[in-house]
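Novice:
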Amino acid sequence: MKTDLFDFDLPPELIAQKPISPRDAARMLEVLPTGHRDAYVRDLPDLLNPGDVMVVNDTRVIPARLTGRRGDAARPGPPEGGPKVEVTLHKWNEDGTWRAFARPARKLSPRDHIVFAPGFSCDVIDKLEMGEVVLRFNKFGPDLQDALEQYGVMPLPPYIKREATGDDADKDDYQTLFAARDGAVAAPTASLHFTPELLGALDDRGVERVSLTLHVGAGTFLPVREDDTRHHVMHSEWGEVSERAAQFINQARDAGGRIVAVGSTAMRLLESAADDDGRIQPFRGETDIFITPGYRFKAVDLMVTNFHLPRSTLFMLVSAFAGLDAMQAAYAHAKDTGYRFYSYGDACLLHRNDGAG
Numbered sequence: 000m001k002t003d004l005f006d007f008d009l010p011p012e013l014i015a016q017k018p019i020s021p022r023d024a025a026r027m028l029e030v031l032p033t034g035h036r037d038a039y040v041r042d043l044p045d046l047l048n049p050g051d052v053m054v055v056n057d058t059r060v061i062p063a064r065l066t067g068r069r070g071d072a073a074r075p076g077p078p079e080g081g082p083k084v085e086v087t088l089h090k091w092n093e094d095g096t097w098r099a100f101a102r103p104a105r106k107l108s109p110r111d112h113i114v115f116a117p118g119f120s121c122d123v124i125d126k127l128e129m130g131e132v133v134l135r136f137n138k139f140g141p142d143l144q145d146a147l148e149q150y151g152v153m154p155l156p157p158y159i160k161r162e163a164t165g166d167d168a169d170k171d172d173y174q175t176l177f178a179a180r181d182g183a184v185a186a187p188t189a190s191l192h193f194t195p196e197l198l199g200a201l202d203d204r205g206v207e208r209v210s211l212t213l214h215v216g217a218g219t220f221l222p223v224r225e226d227d228t229r230h231h232v233m234h235s236e237w238g239e240v241s242e243r244a245a246q247f248i249n250q251a252r253d254a255g256g257r258i259v260a261v262g263s264t265a266m267r268l269l270e271s272a273a274d275d276d277g278r279i280q281p282f283r284g285e286t287d288i289f290i291t292p293g294y295r296f297k298a299v300d301l302m303v304t305n306f307h308l309p310r311s312t313l314f315m316l317v318s319a320f321a322g323l324d325a326m327q328a329a330y331a332h333a334k335d336t337g338y339r340f341y342s343y344g345d346a347c348l349l350h351r352n353d354g355a356g
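The sequence shown begins at 0 in numbering that gives the first Met the number 0 and counts up by one.
1. Going by C-alpha to C-alpha distance, which of 15, 179 and 288 sits closest to residue 313?
2. Using beta-carbon positions only, say whether residue 116 and residue 158 come within less than 7 Å of one another.
3. Quick one: measure Cβ to Cβ for residue 114 and residue 68, integer angstroms, because I've assumed they're closer than 8 Å.
4. Counting Cβ pairs closer than 8 Å, one from the stretch 88-107 and one from the stretch 132-146, do we hit at least three?
5. Are the Cβ atoms of residue 343 and residue 18 separated by less than 7 Å?
6. Threshold first: 4 residues or longer. Then list the alpha helix (DSSP H) segments lying entirely within the stretch 116-188, N to C.
7. Could you tell me the distance, in whole angstroms, from the CA atom of residue 21 to the CA atom of residue 205?
8. Could you give the distance in angstroms between the alpha-carbon of residue 73 and the alpha-carbon of residue 120?
9. Which partner residues does residue 260 have in the DSSP bridge list?
10. Considering residue 210, what are the terminal residues of the beta strand (DSSP E) in which it resides?
11. Just confirm the distance between the C-beta atoms of residue 346 and residue 189, as a whole number of angstroms; I'd bet it's less than 8 Å.
12. Using DSSP with H/G/I as helix, E/B as strand and the rest coil, what is residue 311?
13. Could you round the C-beta distance between residue 13 and residue 334 to whole angstroms and report it? I think they count as a contact, below 8 Å.
14. Along the alpha helix (DSSP H) that carries residue 89, what are the first and last residues, could you check?
15. Return the bridge partner residues of residue 222 from the DSSP annotation.
16. Are there 16 or more other CB atoms within 10 angstroms of the CB of residue 352, so buried, or fewer, so exposed?
17. Can you tell me the Cβ-Cβ gap for residue 23 and residue 304, rounded? I've got them flagged as a contact below 8 Å.
18. Under 6 Å Cβ to Cβ from residue 265, same chain only, skipping five residues before and after it: list those, please.
19. For residue 39, write down the residues that DSSP places opposite it in a beta bridge.
20. Just to check my reading of the structure: residue 59 and residue 181 have Cβ atoms closer than 8 Å, yes? What is that Cβ distance to the nearest angstrom?
21. Checking the sheet assignment: what are the DSSP bridge partners for residue 227?
22. Closest by CA to residue 9, which one among 43, 308, 230 and 286?
23. Measure the Cβ-Cβ separation of residue 292 and residue 271 and say whether it is below 7 Å.
24. When burial is assigned at 16 or more other CB atoms within 10 Å of the CB, is residue 127 buried or exposed?
25. From residue 331 to residue 51, what distance separates their C-alpha atoms?
26. If you count every other CB in all the chains shown that lies within 10 Å of the CB of residue 282, and 16 or more means buried, which is it?
27. With distances taken Cα to Cα, identify the nearest neighbour of residue 87 among 241, 104, 290 and 243.
28. If contacts are defined as beta-carbon pairs under 8 Å, then residue 212 and residue 239 qualify, I think. What distance do you get, rounded to the angstrom?
29. Nearest to residue 3 by CA position, among 223, 27 and 297, is which residue?
30. Tell me the residue span of the beta strand (DSSP E) that contains residue 350.
31. Can you tell me which of the three DSSP states residue 70 falls into?
32. Between the beta-carbon of residue 112 and the beta-carbon of residue 125, is there less than 7 Å?
33. Can you tell me whether residue 179 is buried or exposed, with buried defined as 16 or more other CB within 10 angstroms of its CB?
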């Protein structure tokens, strides 16, 4: 499909810079095959049925943005006055290295050493395309996590404007209630809307809940630059659906419950783990599933999601699920009525439209 079909203009003032408080006070646009209607996230219990199962992503965002000084790997002492370098980690490799986006990447080479703080540094192992590098830290496992917590900044998307030192409020605001497993460099933002009060109301309604894990990478923010979606190479992300979670979801479906994916990350992993009959199988590994209109959904019946960027793989996914015409009309309505867009913005509740083509 032509990428231009998924383009739209958005006034900058509609891009949310802070979350609304309380989180479940955000607006929510319900999109059905027959049209759309306005609601609030706190209305979700009334819009779901007893026995429905809500599938959430329990990944935890790590403070993955670091600022340091560049030196020479052959002389790994503190590079006093060396050029400043910013790196944003986005994917852990099994050999213990990290892939990261660097600024300015063009001045880095595999001989370089970057010092972030006394006793905390990395070597540049490789230089890739599009500003990407491979780094090996002098700390590993829990020690690296502690250093990131101390010196790192939350890796907010570029459309949320912050000072280089970050905003301490984002350490809570950009983390979901379900966060349990370290590894994401972007939040599963649909889950940011949930509060303990909302979860209690969903429990009272009889809506079930189960977790899976997909560590969201920075590639989720990248626009599709190809003119035709068939030529786009999708980024991969690591995910896991446990045997218990798969069994729980399948039993809920067998009992007549609907599967509600909370966010595009849960959606992508569920569809990756589903067999042709729509049953979820245990899954552990990388997924690079790229969903565009024409895709036959196997597992998910409803989806809670935010408003996405133009020309993004996420807007293509929701257009495949609810219909491109329906999503174009929904976004036009959202812009006209002042909905707040993107990570800290408002939500949608999408119903699957198998007749959308």
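Ideal Cβ positions, reconstructed from N, Cα and C, are used throughout, including at glycine.
Quick caveat: nothing in here was measured; it's all calculated off a predicted structure.
Specialist: According to the data block:
1. 288 is the residue among 15, 179 and 288 whose C-alpha sits nearest the C-alpha of residue 313.
2. No, the pair does not count as a contact, with Cβ atoms beyond the cut-off.
3. Right, their Cβ atoms sit about 5 Å apart.
4. At 8 Å Cβ cutoff, the stretches touch.
5. Contact check for residue 343 against residue 18 passes: the beta carbons are separated by less than 7 Å.
6. Entirely contained in the stretch 116-188, the alpha helix (DSSP H) runs reaching 4 residues are, in chain order, 140-150 and 169-172.
7. Straight-line Cα distance between these residues: approximately 23 Å.
8. Here residue 73 scores only 47 on pLDDT, less than 50, and its place in the model should not be relied on; the value that follows carries that caveat. Approximately 13 Å between the Cα atoms of the pair.
9. Partner(s): 54 and 302.
10. Its beta strand (DSSP E) spans residues 207-213.
11. Yes, residue 346 and residue 189 are in contact; Cβ-Cβ is about 6 Å, under 8 Å.
12. Residue 311: strand per DSSP, three-state reduction.
13. Between residue 334 and residue 13 the Cβ distance is about 6 Å, and since that is below 8 Å, they are a contact.
14. Taken as a continuous stretch (DSSP letters only), residue 89 belongs to no alpha helix (DSSP H), being part of the beta strand (DSSP E) at 83-91.
15. Residue 222 is bridged to 311.
16. Burial is judged here by how many other beta carbons sit within 10 angstroms of a residue's own beta carbon; residue 352 has at least 16 and is buried.
17. Contact flag wrong, Cβ pair sits at about 15 Å.
18. Residues 54 and 56 of the same chain have their beta carbon placed closer than 6 Å to that of residue 265, with the five preceding and five following residues left out of the count.
19. Its beta-bridge partners are 26.
20. The C-beta distance from residue 59 to residue 181 rounds to 5 Å, short enough to meet the 8 Å contact threshold.
21. DSSP, once it has assigned bridges, lists 1 as partnering residue 227.
22. The shortest Cα separation from residue 9 among 43, 308, 230 and 286 belongs to 308.
23. The criterion of a C-beta distance shorter than 7 Å is not satisfied by residue 292 and residue 271.
24. Exposed, by the Cβ-count rule.
25. Their backbone Cα atoms lie some 30 Å apart in a straight line.
26. Taking every protein chain shown into account, the CB of residue 282 has 16 or more other CB atoms within 10 angstroms, so this residue is buried.
27. Considering only alpha carbons, the answer is 104.
28. The pair is a contact, with the Cβ atoms about 5 Å apart (cut-off 8 Å).
29. That would be 223, whose Cα lies nearest to the Cα of residue 3.
30. It spans 346-350 - the beta strand (DSSP E) in which residue 350 sits, taken as one unbroken run.
31. Here DSSP, grouped into helix, strand and coil, assigns residue 70 to strand.
32. In this structure, residue 125 does not lie closer than 7 Å to residue 112 by Cβ.
33. Residue 179 is exposed by the Cβ-count criterion.
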